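K.L.:
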């Protein structure tokens, strides 16, 4: 059994998925599932050139650890780990990584899905997209752009 | 009146033009303080889509403020 069954960190360095996967190993684990979120070149019809991620680390880490603990309990996982990048990322970079080990594949898939869905909803992390046309935008925020994904200023 | 420190992140920091400020306020709750600040700095995101933390702990908008609290205002999040 790994010493740390649930580790979450914010990092400004590339994520070493192979090393993290190794830490999830356990003799009773029959399944491993992972998820990587990558920076893509298109969002809301705009050509994206790069992203800046910002986090409030103390709250992000405590909430991230809480989510991993919830997943261990709910899905009977053996271990879970996740890392989220901050700083400047380019197209194709891995922005977030989640990995879990479990006795069987069902709980591994479900636990991994639960973790990434909750991380996206609950962590104080923001991303600013830079576009080919020179503009930039905070994602999910109302910044005056009528097609912003966060809705519009009238709240309709 | 109490003195608290307000800290702003991402789009809020840009709209407020600063990372943090000390405020003397008659706001009783975190939500009341948000309403005062949102008006003054022209925040465009509705409170219902934002989050607040007090002294690095996530809190509800109804949570009461105390002298010296550090209140963190989080605009809609976009991790992952």
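Chains as they are written, first to last, in the working numbering: chain A, 30 to 185; chain B, 3 to 82. Note that CB positions come from ideal geometry on N, CA and C, so glycine has one too. This structure is a prediction, so every number in the text was calculated from the model and none was measured.
Sorted by chain position, which residues of the same chain lie with C-beta nearer than 7 angstroms to residue 121/A's C-beta, five sequence neighbours on each side aside?
P.N.:
On the first chain, position 92 is the one that residue 121/A refers to. Contacts found: 67, 68.
K.L.:
Taking 8 angstroms as the CB-CB cut-off, is residue 72/A touching chain B?
P.N.:
To locate residue 72/A, count along the first chain from 1; it is residue 43. It does not: the Cβ of residue 72/A has no partner Cβ on chain B nearer than 8 angstroms.
K.L.:
Tell me which residues share the same chain as residue 145/A and place their Cβ nearer than 6 angstroms to its Cβ, disregarding the 5 neighbours each side in the sequence.
P.N.:
Mapped onto the first chain, residue 145/A falls at position 116. Within the same chain, residue 145/A has close Cβ partners 64, 127.
K.L.:
Between the C-alpha atoms of residue 57/A and residue 91/A, what's the straight-line distance to the nearest angstrom?
P.N.:
Numbered from 1 along the first chain, position 28 holds the residue referred to as residue 57/A. Numbered from 1 along the first chain, position 62 holds the residue referred to as residue 91/A. The straight-line gap from Cα to Cα measures roughly 28 angstroms.
K.L.:
Note down the Cα distance separating residue 31/B from residue 162/A, rounded to an integer number of angstroms.
P.N.:
Taking the second chain and counting its residues from 1, the one referred to as residue 31/B is at position 29. Taking the first chain and counting its residues from 1, the one referred to as residue 162/A is at position 133. The straight-line gap from Cα to Cα measures roughly 42 angstroms.
K.L.:
Looking at C-beta atoms only, is the number of pairs between the region 127-137 of chain A and the region 108-115 of chain A that lie closer than 8 angstroms three or more?
P.N.:
Counting Cβ pairs under 8 angstroms, three or more are found: they touch.
K.L.:
Tell whether a beta-carbon distance below 8 angstroms holds between residue 82/A and residue 114/A.
P.N.:
Here the question's residue 82/A lines up with position 53 in the first chain. Here the question's residue 114/A lines up with position 85 in the first chain. Yes. Within cutoff.
K.L.:
Assuming the contact rule is C-beta atoms closer than 8 angstroms, residue 33/B and residue 64/B should be a hit. Round their C-beta distance to whole Å, please.
P.N.:
As a position in the second chain, residue 33/B is number 31, starting the count at 1. As a position in the second chain, residue 64/B is number 62, starting the count at 1. Their Cβ separation, rounded to whole angstroms, is 6 angstroms, which keeps residue 33/B and residue 64/B in contact under 8 angstroms.
K.L.:
Starting from residue 146/A, trace the beta strand (DSSP E) in both directions and tell me its first and last residue.
P.N.:
In the first chain, counting from the first residue as 1, residue 146/A sits at position 117. Element bounds for residue 146/A: not the beta strand (DSSP E) but the alpha helix (DSSP H), 134-151.
K.L.:
From the DSSP output, in three-state form, read off residue 113/A for me.
P.N.:
For the purposes of this step, residue 113/A is identified with residue 84 of the first chain, where counting begins at 1. Three-state DSSP puts residue 113/A in a strand.
K.L.:
Could you tell me whether the region 3-18 of chain B touches the region 64-78 of chain B, using the rule of 3 or more Cβ pairs below 8 angstroms?
P.N.:
The region 3-18 of chain B is in contact with the region 64-78 of chain B.
K.L.:
Which whole-angstrom value is the C-beta distance of residue 72/A and residue 158/A, which I expect to be below 8 angstroms?
P.N.:
Here residue 72/A corresponds to residue number 43 of the first chain, with the count starting at 1. Here residue 158/A corresponds to residue number 129 of the first chain, with the count starting at 1. Between residue 158/A and residue 72/A the Cβ distance is about 6 angstroms, and since that is below 8 angstroms, they are a contact.
K.L.:
Considering only the alpha carbon of each residue, which of 27/B, 40/B, 15/B lies closest to residue 68/B?
P.N.:
In the second chain, counting from the first residue as 1, residue 68/B sits at position 66. That would be 27/B, whose Cα lies nearest to the Cα of residue 68/B.
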